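*Asks:* Got a structure for you, written out below as structure tokens; questions coming shortly.
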Amino acid sequence: MAVQKYGEQTVMALNGDEAVAWAVKQSNVDVVAAYPITPQTIIVERISEFVHNGEVDMEFIRVESEHSALSASWGASLAGARAFTATAANGLALMWEILYIVSSTRVPLVMAVVNRALSAPINIHNDHSDTMGARDSGWIQLYSEDAQEAYDNTIMAFKIAEEAMLPVMVTLDGFTISHTLQNVSVLPDEVVSNFVGERKIPRIKIPTIYGEKEVPFMLNPKYPITFGPLDLYDYYFEHKVQQNEAMKATPPIIEKVHKEYGEISGRSYEPVHMIPYKTEDADVVIIGLSSTMSVVRKVVDQLREEGKKVGAIRLRVFRPFPAEMLRKELSNFSTVGVLDRCISFGAEGGPLFLEIRSALYSSPSKPATVNYIYGLGGRELPPKLIAKAFNEILEVRAEPGTPIVKYLGVRE
Amino acid sequence: METVWRPNIKELARREMETRPVESGHRLCAGCGAGIVIRQIAMAARKPLVWLNATGCVEVATTIFPYSSWNIPWAHNAFENAAAVGSGVEAARNKLARVNRFSNDPDIDLDYDVVVVGGDGGTYDIGLQAISGAFERGHKLMYVLYDNEAYMNTGIQRSGGTPFGARTTTTPVGKVIKGKPLFKKPIVDIIVAHQIPYAATVSPAYWNDALIKFRKGLEADGPSFIHAFSTCPLGWGSNPEDTIKIMKLAVETCVFPLYEVVEGEYKLTGPSIAIAKNPAKKRPVEEYLKLQGRFRHMFKPGNEWMIEKFQEWVDKQWEMLLKKAGY
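Residue numbers (our numbering), protein chains in the order written: chain A, 17 to 428; chain B, 58 to 384.
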């Protein structure tokens, strides 16, 4: 009776930011520390309303900067709270120093990032240069296609973060998703509350004068722990390798949490790391992130009607990068088009392209790859341009020497 | 808050030996004032502490992995954000205690005071915004500034807390410009402008006065700020054995007067009261300056004006303080 099981959900008209705020409201979050920035502001406004109307029992620290937002969230989490923050673009850039400190101290924060272009010139609209700039900071990154997924990812992120003891970034596209109303299926409060539970404090073994003891991994006068010590060349390297191992161990956790979430919501986003569309018999595919991919799927449908064997793959988890899975998934196509909504100055392509091309280097069949950089600063990507890209990559094998990095939708 | 607490040094020393909040064997320099400050904070506390530290000498010298001097729960995040981290800890404690979150877990204690510690770089300069934010929001935490008057941890560079004339590696004594040409930022006045319940200055040499103020700070009904003077033999070019003497002279010359600001009201404390009542007790700044290599150039022929300028500044600050304190 699966239908009845999910039938208790309420369909609400929410934009992406509101969907995130609802997820936070339902996820037993103890402390939120955040600072307003377009297009994230609706998240902090809605959370403020929930707090001021007594609909939720959380401490909301209205900090004086994003740097302090992440710092205060870190302190709250170390003190035993489930903590959340949200930002965008320049706010994320201001947090950069603390991003690394959060992940390296294994503090399981969840942060929503409403993707927006980085200054200069200042621009409030969507691209992915903010979170792509944070790709090496040790955070798990989940990219959401729509408001529903932003809601679902935020709830799942708390479980993933606390199980992996690593922070999670949930992203959603600025304005396209953050400010666009959508029907969102919202789970009953108690269902989400039971799903995420209250924050459980992990135990770690520490040496004491009475021998080794398992103690709560938090700031706690009963068993004092020193967090954030000076760590020099004699240990730092090993700690970084351990951190990387922790990150590499997260895919099964991410998959497990999605499966569990599917059981309560009917939405498990399988196969979790990437979602293929009409790829079974495709010659070429376009792979990309977030809201653009819904348009790409429409174009796939149109081109299929013309008899063209095209498909699409939406990557949901960018960190940890599912290189092995992508190698398996992509090896059978003749050409892979990669959509990057971000520019990596001076590199041979955007960040997603570089990772995919690198993954495919050790694939025996080595599909051709073409990078399309698009949509910077909120520039639209109309279906006809996506169709143009598909038609180009259908020809790439036939035309050796085709440039591998192109701009889509720019005046040249 | 108790109106009068008379610290019993024997009892406090015994308790310190038993609980060892800050273990010996840390790598702070001989004669470092900050080492005294942190022990005094721990001695003054009645409740357990959770301690947040900005990047700086105390952090670097007490936590070299795999060792730690701290038998207090202690966390360091970065240089400029210790007050923000303290805000998060305080908010989390409030929420978790309110809902009795860990009441069934005998291994977790949520009944503690929050102390945030930073040096002059982390307070006057890079951390000022986070402190201002935390104080505006009213978090109940005690922020302690240990002021050794330069970026000592990175090798003696000038900060907003470096006094006039002092030689640092970024204000060298050159042929044209000799030492720092600017004066200290009035940090306590800046903090007091936030209208917090309690602020005070502390010279660890006057331990009785210091302990009372640390306790008042910890038990204030809201944010509190303690400006602790901290001799740095390495950076100041002073003899380690003169640390306490210099800390006393700073007060006796009115370079660093002792006072507290309770709900906006300035009150002198300790020897500063006696000097206010009897100005003859105020000693000339030369006595303080001459013990420190960082001021040595001021005693060379032709540089007398620097000592005069230093004295003028001290006199003016002292007069302003006397007015604020009702003298």
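Note that beta-carbon positions come from the ideal geometry of N, C-alpha and C, so glycine has one too.
What you are looking at is a predicted structure, and each value in this text was computed from that prediction instead of being measured.
State the DSSP-derived secondary structure class of B:THR226, mapped to helix, strand or coil.
*Replies:* For the purposes of this step, residue 226 of chain B is identified with residue 169 of the second sequence, where counting begins at 1. If DSSP states are grouped into helix, strand and coil, B:THR226 belongs with coil.
*Asks:* Mind checking if B:TRP131 is an interface residue toward chain A, Cβ cutoff 8 Å exclusive?
*Replies:* Reading the second sequence from its first residue, position 74 is the one you call residue 131 of chain B. Yes, its Cβ sits closer than 8 Å to a Cβ of chain A.
*Asks:* Does the beta-carbon distance from B:ALA87 to B:PRO297 come in below 8 Å?
*Replies:* Numbered from its first residue, the second sequence carries residue 87 of chain B at position 30. Numbered from its first residue, the second sequence carries residue 297 of chain B at position 240. Result yes, Cβ atoms of B:ALA87 and B:PRO297 sit closer than 8 Å.
*Asks:* Out of curiosity, what's the CA-to-CA distance linking A:ALA18 and B:PHE122?
*Replies:* On the first sequence, residue 18 of chain A is found 2 positions in, with the first residue counted as 1. On the second sequence, residue 122 of chain B is found 65 positions in, with the first residue counted as 1. Since pLDDT at A:ALA18 reaches only 37, below the 50 mark, its modelled position is unreliable, and the value read off the structure follows with that caveat. Distance between the alpha carbons of A:ALA18 and B:PHE122: 53 Å.
*Asks:* Are at least three pairs of beta-carbons, each pair with one atom in the segment 37 to 45 of chain A and one in the segment 63 to 71 of chain A, less than 8 Å apart?
*Replies:* Touching, yes, given that three or more Cβ pairs across the two stretches are closer than 8 Å.
*Asks:* Could you name the residues of chain B that A:ASN407 contacts, counting a contact when the two beta carbons are closer than 7 Å?
*Replies:* Translated into positions along the first sequence, residue 407 of chain A becomes position 391. Going along chain B, no residue has its Cβ under 7 Å from A:ASN407, so there is no contact; the nearest lies around 50 Å.
*Asks:* Tell me the rounded alpha-carbon separation between A:PRO383 and A:TYR285.
*Replies:* Position 367 of the first sequence, counted from the first residue, corresponds to residue 383 of chain A. Position 269 of the first sequence, counted from the first residue, corresponds to residue 285 of chain A. Distance between the alpha carbons of A:PRO383 and A:TYR285: 26 Å.
*Asks:* Listing by chain order, which chain A residues have their CB less than 7 Å from the CB of B:ASP164?
*Replies:* Your numbering for residue 164 of chain B matches position 107 in the second sequence. The contacting residues are VAL231, PRO232, LYS238 and TYR239.
*Asks:* Going by other Cβ atoms of all chains shown within 10 Å of its Cβ, with 16 needed for buried, is A:LEU197 buried or exposed?
*Replies:* Along the first sequence, one-based indexing puts residue 197 of chain A at 181. Classification of A:LEU197: exposed, given that the 10 Å Cβ count is below 16.
*Asks:* Could you give the first and the last residue of the continuous beta strand (DSSP E) run that contains B:HIS284?
*Replies:* Here residue 284 of chain B refers to the residue found at position 227 when the second sequence is read from its first residue. B:HIS284 -> beta strand (DSSP E) spans 281 to 286.
*Asks:* What span of residues does the alpha helix (DSSP H) with A:PRO218 cover, start to end?
*Replies:* Here residue 218 of chain A is taken as the residue at index 202 of the first sequence, counted from 1. Here A:PRO218 belongs to no alpha helix (DSSP H), and DSSP marks it neither H nor E.
*Asks:* For A:PHE66, return the contacting residues in chain B, with the cut-off set at a CB-CB distance below 7 Å.
*Replies:* Along the first sequence, one-based indexing puts residue 66 of chain A at 50. Residues of chain B passing the Cβ test: none, with the nearest at roughly 14 Å.
*Asks:* Whole-angstrom Cβ separation of B:ILE129 and B:PHE192, contact assumed at under 8 Å?
*Replies:* Working through the second sequence from its first residue, we reach residue 129 of chain B at position 72. Working through the second sequence from its first residue, we reach residue 192 of chain B at position 135. Rounded, the Cβ-Cβ distance is 23 Å, inconsistent with contact.
*Asks:* Comparing the C-beta of B:TYR203 with each C-beta of chain D, is any distance below 8 Å?
*Replies:* Among the protein chains in the structure shown, which are A and B, there is no chain D.
*Asks:* When DSSP builds the beta bridges, which residues end up paired with A:ILE156?
*Replies:* Within the first sequence, the letter at position 140 stands for residue 156 of chain A. Partner(s): A:VAL184.
*Asks:* When the Cα atoms are used, what is the spatial distance from A:PRO338 to A:ILE58?
*Replies:* Indexing the first sequence from 1 puts residue 338 of chain A at position 322. Indexing the first sequence from 1 puts residue 58 of chain A at position 42. The straight-line gap from Cα to Cα measures roughly 32 Å.
*Asks:* How far does the beta strand (DSSP E) with A:THR385 in it extend, from its first residue to its last?
*Replies:* Locating residue 385 of chain A in the first sequence gives position 369, where the first residue counts as 1. Here the beta strand (DSSP E) through A:THR385 covers 384 to 390.
*Asks:* With 16 other CB atoms within 10 Å as the buried threshold, where does B:MET58 fall?
*Replies:* Against the second sequence, residue 58 of chain B aligns to sequence position 1. Low confidence applies here, because B:MET58 scores a pLDDT of 49, under 50, leaving its location unreliable and the question unanswered by this model.
*Asks:* Which term fits A:HIS68, buried or exposed, when burial requires 16 or more other beta carbons within 10 angstroms of its beta carbon?
*Replies:* The sequence position of residue 68 of chain A within the first sequence is 52, counting from 1. Result: exposed.
*Asks:* Going along chain A in order, which residues have a C-beta closer than 7 Å to the C-beta of B:THR120?
*Replies:* Along the second sequence, one-based indexing puts residue 120 of chain B at 63. Going along chain A in sequence order, the residues near B:THR120 (Cβ under 7 Å) are THR242, PRO245 and LEU246.
*Asks:* Taking the alpha-carbon positions, what's the A:ARG151 to A:ILE372 distance?
*Replies:* Here residue 151 of chain A refers to the residue found at position 135 when the first sequence is read from its first residue. Here residue 372 of chain A refers to the residue found at position 356 when the first sequence is read from its first residue. Cα-Cα distance, rounded: 14 Å.
*Asks:* Exposed or buried, what is B:ARG150 when buried is set at 16 or more other beta-carbons lying within 10 Å of its beta-carbon?
*Replies:* The residue labelled residue 150 of chain B in the question sits at position 93 within the second sequence. Buried.
*Asks:* Which residues, taken in chain order from the segment 181 to 207 of chain B, show a beta carbon closer than 9 Å to some beta carbon of chain A?
*Replies:* Hits within the stretch, in order: GLN186, ALA187, SER189, GLY190, ALA191, GLU193, ARG194 and HIS196.
*Asks:* Thinking C-alpha only, which one of B:THR326, B:LYS232, B:THR288 and B:LEU268 is nearest B:ASN65?
*Replies:* Position 8 of the second sequence, counted from the start, is the residue given in the question as residue 65 of chain B. Cα-wise, what sits closest to B:ASN65 is B:LEU268.
*Asks:* Three-state secondary structure (DSSP) at A:ALA99?
*Replies:* In the first sequence, residue 99 of chain A corresponds to position 83, counting from 1. Correct three-state label for A:ALA99: strand.
*Asks:* Measuring only the C-alpha atoms, how far is A:LEU2 from B:VAL117?
*Replies:* This structure cannot settle anything about residue 2 of chain A, because the visible part of chain A is limited to 17 through 428.
*Asks:* Going along the chain, which residues of the segment 43 to 57 of chain A sit with their C-beta nearer than 8 Å to a C-beta in chain B?
*Replies:* Under the 8 Å Cβ criterion, the segment 43 to 57 of chain A contributes ASP46, VAL47 and ALA49.
*Asks:* If we call anything under 8 Å between Cβ atoms a contact, is A:ARG413 one with A:SER350?
*Replies:* Mapped onto the first sequence, residue 413 of chain A falls at position 397. Mapped onto the first sequence, residue 350 of chain A falls at position 334. In contact: A:ARG413 and A:SER350 (Cβ atoms closer than 8 Å).
*Asks:* In the DSSP assignment, the beta strand (DSSP E) including A:ARG330 goes from what residue to what residue?
*Replies:* For the purposes of this step, residue 330 of chain A is taken as the residue at position 314 of the first sequence. 326 to 331 is the extent of the beta strand (DSSP E) around A:ARG330.
*Asks:* Does the segment 273 to 293 of chain A come into contact with the segment 182 to 197 of chain A, if we say contact requires no fewer than three beta-carbon pairs (one atom in each stretch) closer than 8 Å?
*Replies:* Output reads no: the segment 182 to 197 of chain A does not touch the segment 273 to 293 of chain A.
*Asks:* What's the C-alpha gap between A:GLN20 and A:VAL208?
*Replies:* Taking the first sequence and counting its residues from 1, the one referred to as residue 20 of chain A is at position 4. Taking the first sequence and counting its residues from 1, the one referred to as residue 208 of chain A is at position 192. Bear in mind that the predicted position of A:GLN20 carries a pLDDT of just 42, short of 50, making it unreliable; the figure below should be weighed with that in mind. Using only the alpha carbons, I get a separation of about 17 Å.
*Asks:* Mapping the DSSP letters down to three states, classify B:LYS380 as helix, strand or coil.
*Replies:* Position 323 of the second sequence, counted from the start, is the residue given in the question as residue 380 of chain B. Note: B:LYS380 maps to helix in three-state DSSP.
*Asks:* Indicate whether at least one CB of chain B lies closer than 8 Å to the CB of A:GLY323.
*Replies:* Here residue 323 of chain A refers to the residue found at position 307 when the first sequence is read from its first residue. Not one chain B Cβ lies under 8 Å of A:GLY323.
*Asks:* Could you pull the DSSP bridge partners for A:PHE76 from this structure?
*Replies:* As a first step, residue 76 of chain A must be located in the first sequence, where it is residue number 60. According to DSSP, A:PHE76 bridges with A:VAL48.
*Asks:* Can you give the Cα-Cα distance for A:LYS221 and A:TYR239, rounded to whole angstroms?
*Replies:* By one-based count along the first sequence, residue 221 of chain A stands at place 205. By one-based count along the first sequence, residue 239 of chain A stands at place 223. Between A:LYS221 and A:TYR239, the C-alpha separation is close to 11 Å.
*Asks:* Whole angstroms is fine: what's the gap from B:VAL94's alpha carbon to B:SER189's?
*Replies:* Taking the first residue of the second sequence as position 1, residue 94 of chain B is located at position 37. Taking the first residue of the second sequence as position 1, residue 189 of chain B is located at position 132. Their Cα atoms are separated by approximately 23 Å.
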